[in-house]
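Student:
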Amino acid sequence: MIVLDAESDDATRKLAQKAGAEVVVRPWEGFVSARRYLLSLVTSPWVLMIDADEVIEPGLWLELESLGFPECSADGFQMRRRTVYEGKKLRRAFQPDWKMSLVRTKGAYFEDRLVHESLKVKGIVQRLRTEILHSSFRSADDHHQRIRTYARLAAQDLAEQGKRVSFINLWLRPAWRWFKELILQGGIADGLLGLKMASRSAYGVHLSYRYLREMNDSL
4 MIVLDAESDD ATRKLAQKAG AEVVVRPWEG FVSARRYLLS LVTSPWVLMI
54 DADEVIEPGL WLELESLGFP ECSADGFQMR RRTVYEGKKL RRAFQPDWKM
104 SLVRTKGAYF EDRLVHESLK VKGIVQRLRT EILHSSFRSA DDHHQRIRTY
154 ARLAAQDLAE QGKRVSFINL WLRPAWRWFK ELILQGGIAD GLLGLKMASR
204 SAYGVHLSYR YLREMNDSL
């Protein structure tokens, strides 16, 4: 097990080492850079990559054994990720959210994006029943801070693609995101929490284009 630590000042390294992990310390240079570096350290044929705020539910290895792992035809496995918010596992919010987590090391790579980058693999991809619990937000304030952080990164991605801001991007895209997550994807089934998640997701889209407009205006 390898843990990549971005020069944390808490007990992360000590706890990881106590659990038997090899801890590698590296200055923070962004999500994609960190993930690519971590992937480069792996020497085993397969790699399971999860974030610090993710927990895999029991039963993964039993399911993999039933599929003939590691001598199987698949080159990568996706697991459904469920958001845990305010202590509650959400049923529909952010769904479907299939995350590539277990892949053959050879041929695995991360796409070139500043935010919402994902692990990719060349070959056959199979989906598992075992789920990942994602406890990403410690509080409402933490959630809003992450929205602002990701919105700025998304705006940089858009700027590098030469995107411009329009009425559709600034207002209709957020409205569509809210409607899609709350109604079409069934977030309303999670009640008030589903409404909160859809509203904050829509706000993140709006904020991305506000930041993009600021970047365009500064040119």
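So in our numbering the end of the sequence shown lands on 222, straight run, no missing numbers.
The beta-carbon is built from N, C-alpha and C at its ideal position, and this holds for glycine as well.
What's the C-alpha gap between Glu32 and Leu215?
Tutor: The count along the sequence shown starts at 1 and reaches residue 32 at position 29. The count along the sequence shown starts at 1 and reaches residue 215 at position 212. So the alpha carbons of these two residues sit roughly 21 Å apart.
Student: What number of angstroms, rounded off, separates the C-alpha of Gly194 from the C-alpha of Thr46?
Tutor: Here the question's residue 194 lines up with position 191 in the sequence shown. Here the question's residue 46 lines up with position 43 in the sequence shown. Each residue's alpha carbon lies about 45 Å from the other.
Student: Taking the straight line between their C-alpha atoms, what separation do you get for Ala157 and Leu117?
Tutor: Locating residue 157 in the sequence shown gives position 154, counting from the first residue. Locating residue 117 in the sequence shown gives position 114, counting from the first residue. If I take the Cα positions, the gap works out to 7 Å.
Student: For Arg176, which residues of its own chain have a beta-carbon under 6 Å away from its beta-carbon, when the five flanking residues on both sides are left out?
Tutor: Counting from 1 along the sequence shown, the entry for residue 176 is found at position 173. So the qualifying residues of the chain are Val208.
Student: Use the C-beta contact count for Ile127: other C-beta atoms within 10 angstroms, 16 or more gives buried, fewer gives exposed.
Tutor: Sequence index remark: in the sequence shown, residue 127 carries index 124 (1-based). Ile127 should be labelled exposed.
Student: Three-state secondary structure (DSSP) at Glu184?
Tutor: Numbered from its first residue, the sequence shown carries residue 184 at position 181. Note: Glu184 maps to helix in three-state DSSP.
Student: Quick one: using the 10 Å Cβ neighbour count with 16 as the cut-off for buried, is His137 buried or exposed?
Tutor: Locating residue 137 in the sequence shown gives position 134, where the first residue counts as 1. Per the 10 Å Cβ criterion, buried.
Student: Using C-beta distances below 6 Å, list every residue in its chain close to Gly189, excluding the 5 sequence neighbours before and after it, in chain order.
Tutor: The residue you call residue 189 lines up with position 186 of the sequence shown. Once the five neighbours on either side are set aside, the close Cβ partners of Gly189 are Arg95.
Student: Identify the continuous alpha helix (DSSP H) that holds Gly194 and give its terminal residues.
Tutor: Translated into the one-based positions of the sequence shown, residue 194 becomes position 191. Counting along the chain, the alpha helix (DSSP H) containing Gly194 begins and ends at 194 to 220.
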